[in-house]
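Following the numbering used here, the numbering of the sequence shown begins with 1 at its first residue and continues without gaps.
Below is one structure, written out as structure tokens, with a few remarks after it.
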Amino acid sequence: MSCTYYAASGALYCAGVSQTCFVTAINGIAPASSAEYWRFEVNGAPASVGVSCYQPSEGDLLALRYVGAYSTPTPTYY
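Written out as structure tokens, the structure is:
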């Protein structure tokens, strides 16, 4: 499988994969522009794969962090 990671948006595109997830909103909070997005993080750092491709390990801390054009990212932990 060939995948491309887009660091600016935190998105992962895998050719030939038809069922992936891209977080568009959480609790009604959705990006207002292409400069804003939900970033998937593992143990405090941006994940190297998208949320739909990540296989969690015991003890991992997973977060979805809203990154706005003019705001400081704030974590949302689950």
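Even for Gly, the Cβ is constructed at its ideal location relative to N, Cα and C.
A quick note: this is a predicted structure, and the numbers were derived from the prediction, not measured.
Which of helix, strand or coil does DSSP assign to residue i?
i: Phe22; result: coil
i: Pro31; result: coil
i: Pro56; result: coil
Is the distance from the Cβ of residue i to the Cβ of residue j below 8 Å?
i: Glu36; j: Gly59; result: no
i: Tyr6; j: Ser48; result: no
i: Leu61; j: Gly44; result: yes
Considering only the alpha carbon of each residue, which of the options lies closest to residue i?
i: Arg39; options: Ser2, Cys14 and Arg65; result: Arg65
i: Ser34; options: Asn43, Pro46, Ala8 and Leu61; result: Ala8
i: Cys14; options: Leu61, Val42 and Cys3; result: Cys3
Who are residue i's beta bridge partners in DSSP?
i: Ala11; result: Tyr6
### Query
For the 8 Å Cβ check, are there 3 or more pairs between the segment 25–37 and the segment 47–57?
No: fewer than three Cβ pairs fall under 8 Å.
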